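The next block holds one structure in the form of structure tokens; read it before the comments.
Residue numbers (my numbering): 0 to 107.
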């Protein structure tokens, strides 16, 4: 579910910071088309991912219970690690921002 928040660009996921900075830059540059594309992207991502999350976590099966079993531990571990790293990137964005500045040759 946290990965979905990141893809949609909602807090507390790292994707929120990315879209926030893109929107700020587009707004400062007066790029209305870029702003509309980012907003449309957010809405489309929500339309794609929210039904999947709903079906996976909230829909009940024919017997009145959730119709799926637990995923293998490797998938649970990978999903948990991804969710934890996404939250850490939101809480401590300076690490990713410093790395990005180093990659483009800007002063960190």
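Just so it is clear, CB atoms sit at the ideal spot from N, CA and C, and this is done for glycine as well.
Remember, predicted model here, so these are calculated numbers, not experimental data.
Counted as a single uninterrupted DSSP element, the alpha helix (DSSP H) harbouring residue 101 occupies residues 92-103. Out of 78, 32 and 41, the CA that lies nearest to the CA of residue 17 is found in 41. Judged by DSSP in its simplified three-state form, residue 82 adopts helix. Contact between residue 88 and residue 95 is confirmed by a C-beta separation of about 6 Å, below the 8 Å threshold.
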